[in-house]
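Q:
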């Protein structure tokens, strides 16, 4: 392991993290592209013209099935039949007749106790809905009520019905906001990881945290990394799974996290164990190890084998006896005191540098 290989692992890890956001973002984009949100939120005003046949009034919907229209009907009459969802009324079938033609309108009646028999000058926003089995069943029953035939009613209609239920701006509003939010979130994740791939030494948290911990500018980072490479080659190293510990640094690089932690700055380390089970049988136990630095920065390494975590604990305690190990309220208080003291010292040093 050297810093070049660490950087390569960082690039591979960042590239792999772009897969899920890419595909999820693609699905969100397809939804935004396919669903006619503009028509739903800004429906076309449609005026009924009694001088032409009824089908001519709805030519726009016939030629453009995705169009949503706001229409004022002089009169709508209730068929007496509803579209049910379980025991609840979801919508009611109404119809409008002009000369010898008719159009059936499915109105949302879920908020009403009883549908009104007749609606005058009723304005509604609808979209086209093709006939389905529910409509066919209603038509068969309604034709018997008016002593006519289902075929006769079908032939007199415009060829499709109008539905207020499918318009549902609230439902599509949630879909629009959700899809847009997901798309931007995915684009953000992809952009961040792409920047990490292009400029890992400058932007990746692994190197930014190292600069902040050692209090060095970006220009001096390369010198520090060269020293680290020399240490990895010349000094003895200890390997615990994906974690490498030298005399001065703890290095870890996997698909979840890449870190370089100066051992002298680690003040507290603790772990949480997780038992992995399948069908009630324990498969393996893993640990997440959290390292707290004297400047207050915290890093967590996930999915460490319990044996590796235990060996890392033991090694750090042997090379740094004053390190706080295990999670406890007492250690939390001690760590907070050390962090506060370190920050005060850094402020004093910064003030001295300004005076000089």
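Residue numbers (the numbering used here): 118 to 473.
Just so it is clear, CB atoms sit at the ideal spot from N, CA and C, and this is done for glycine as well.
Pick from 221, 278, 292, 130: whose alpha carbon is nearest that of residue 149?
A: On the chain shown, residue 149 is found 32 positions in, with the first residue counted as 1. Among 221, 278, 292, 130, the Cα nearest to that of residue 149 is on 292.
Q: Can you tell which of 372, 362, 233 has the C-alpha that lies nearest to the C-alpha of residue 431?
A: Mapped onto the chain shown, residue 431 falls at position 314. Distances from the alpha-carbon of residue 431 to those of 372, 362, 233 put 362 closest.
Q: Give me the DSSP bridge partner(s) of residue 408.
A: The sequence position of residue 408 within the chain shown is 291, counting from 1. In DSSP, residue 408 forms a bridge with 386, 416.
Q: How many Å lie between residue 165 and residue 174 at the Cα?
A: Numbered from its first residue, the chain shown carries residue 165 at position 48. Numbered from its first residue, the chain shown carries residue 174 at position 57. C-alpha separation (whole angstroms): 6 Å.
Q: Using 10 angstroms around the beta-carbon of residue 135, count the other beta-carbons present and answer buried if the total reaches 16, otherwise exposed.
A: In the chain shown, counting from the first residue as 1, residue 135 sits at position 18. Per the 10 Å Cβ criterion, buried.
Q: Restricting to runs no shorter than 3 residues, where is the beta strand (DSSP E) found entirely within the stretch 150 to 216?
A: 161 to 163, 185 to 202, 205 to 215
Q: Within the chosen definition, does the stretch 177 to 194 reach the stretch 263 to 273 through at least 3 CB pairs nearer than 8 Å?
A: no
Q: Could you check how far apart the C-beta atoms of residue 248 and residue 277 are, in whole angstroms? I think they sit under 8 Å.
A: On the chain shown, position 131 is the one that residue 248 refers to. On the chain shown, position 160 is the one that residue 277 refers to. Going by Cβ atoms, the distance from residue 248 to residue 277 rounds to 7 Å, so yes, they are a contact pair.
Q: Using alpha carbons as the reference points, say which of 183, 389, 297, 380 lies closest to residue 412.
A: By 1-based counting over the chain shown, the position of residue 412 is 295. Of the listed residues, the one whose Cα sits closest to residue 412 is 380.
Q: What do you get for residue 298, buried or exposed, if any count of 16 or more other CB atoms within 10 angstroms of its CB means buried?
A: Residue numbering aside, residue 298 sits at position 181 when the chain shown is read from its first letter. Of the residues assessed, residue 298 falls on the exposed side of the cut-off, its CB having fewer than 16 other CB atoms within 10 angstroms.
Q: Since residue 255 is in the alpha helix (DSSP H), which residue starts that stretch and which ends it?
A: As a working mapping, residue 255 is identified with position 138 in the chain shown. Looking at the DSSP string, the run of the alpha helix (DSSP H) that includes residue 255 is 250 to 262.
Q: For residue 452, I'd like the list of residues in its chain whose CB is within less than 7 Å of its CB, leaving aside the five on either flank, ordered along the chain.
A: The count along the chain shown starts at 1 and reaches residue 452 at position 335. Excluding positions up to five away in sequence, the list reads 384, 385, 409, 441.
Q: With three or more C-beta pairs closer than 8 Å as the rule, is the stretch 358 to 377 touching the stretch 343 to 350?
A: yes
Q: Counting C-beta neighbours from all protein chains within 10 Å, is the total for residue 124 16 or more, i.e. buried, or is it exposed?
A: The count along the chain shown starts at 1 and reaches residue 124 at position 7. The residue is buried, with at least 16 neighbouring Cβ atoms inside 10 Å.
Q: I need the straight-line Cα distance from residue 227 to residue 287, nearest angstrom please.
A: For this step, residue 227 is matched to residue 110 along the chain shown. For this step, residue 287 is matched to residue 170 along the chain shown. Their Cα atoms are separated by approximately 15 Å.
Q: Can you give the Cα-Cα distance for residue 60 and residue 231, rounded to whole angstroms?
A: There is simply no residue 60 to check, as the chain begins at 118 and stops at 473 in what is shown.
Q: Rounded to whole angstroms, how far is the Cβ of residue 317 from the Cβ of residue 128, which I believe are closer than 8 Å?
A: On the chain shown, residue 317 is found 200 positions in, with the first residue counted as 1. On the chain shown, residue 128 is found 11 positions in, with the first residue counted as 1. Cβ-Cβ separation between residue 317 and residue 128: approximately 6 Å, consistent with a contact (criterion under 8 Å).
Q: Rounded to whole angstroms, how far is the Cβ of residue 243 from the Cβ of residue 279, which I believe are closer than 8 Å?
A: Counting from one through the chain shown, the residue named residue 243 turns up at place 126. Counting from one through the chain shown, the residue named residue 279 turns up at place 162. Between residue 279 and residue 243 the Cβ distance is about 4 Å, and since that is below 8 Å, they are a contact.
Q: Do residue 182 and residue 234 have their beta-carbon atoms positioned less than 8 Å apart in this structure?
A: Taking the chain shown and counting its residues from 1, one reaches residue 234 at position 117. Taking the chain shown and counting its residues from 1, one reaches residue 182 at position 65. No, the pair does not count as a contact, with Cβ atoms beyond the cut-off.
Q: Taking the CB atoms as reference points, tell me whether residue 307 and residue 139 lie closer together than 8 Å.
A: Counting from 1 along the chain shown, the entry for residue 307 is found at position 190. Counting from 1 along the chain shown, the entry for residue 139 is found at position 22. In contact: residue 307 and residue 139 (Cβ atoms closer than 8 Å).
Q: Assuming residue 186 contacts residue 161 (C-beta within less than 8 Å), just tell me the rounded distance between them.
A: Taking the chain shown and counting its residues from 1, the one referred to as residue 186 is at position 69. Taking the chain shown and counting its residues from 1, the one referred to as residue 161 is at position 44. Yes, residue 186 and residue 161 are in contact; Cβ-Cβ is about 5 Å, under 8 Å.
Q: Straight-line CA distance for residue 205 to residue 198?
A: Numbered from its first residue, the chain shown carries residue 205 at position 88. Numbered from its first residue, the chain shown carries residue 198 at position 81. Distance between the alpha carbons of residue 205 and residue 198 is about 13 Å.
Q: Would residue 142 pass as a contact of residue 315 if the rule is Cβ separation under 8 Å?
A: Indexing the chain shown from 1 puts residue 142 at position 25. Indexing the chain shown from 1 puts residue 315 at position 198. No, Cβ-Cβ distance for residue 142 and residue 315 is not below 8 Å.
Q: Got a sec, what are the start and stop residues for the beta strand (DSSP E) residue 286 sits in?
A: By 1-based counting over the chain shown, the position of residue 286 is 169. Taken as a continuous stretch (DSSP letters only), residue 286 belongs to no beta strand (DSSP E), being part of the alpha helix (DSSP H) at 286 to 315.
Q: Find out if the Cβ-Cβ distance for the pair residue 281, residue 224 is shorter than 8 Å.
A: Indexing the chain shown from 1 puts residue 281 at position 164. Indexing the chain shown from 1 puts residue 224 at position 107. It is a contact, given that the beta carbons lie within the stated cut-off.
Q: Using the Cβ count rule (16 or more neighbours within 10 Å means buried), how would you classify residue 257?
A: Walking along the chain shown from the start, residue 257 turns up at place 140. The residue is exposed, with fewer than 16 neighbouring Cβ atoms inside 10 Å.
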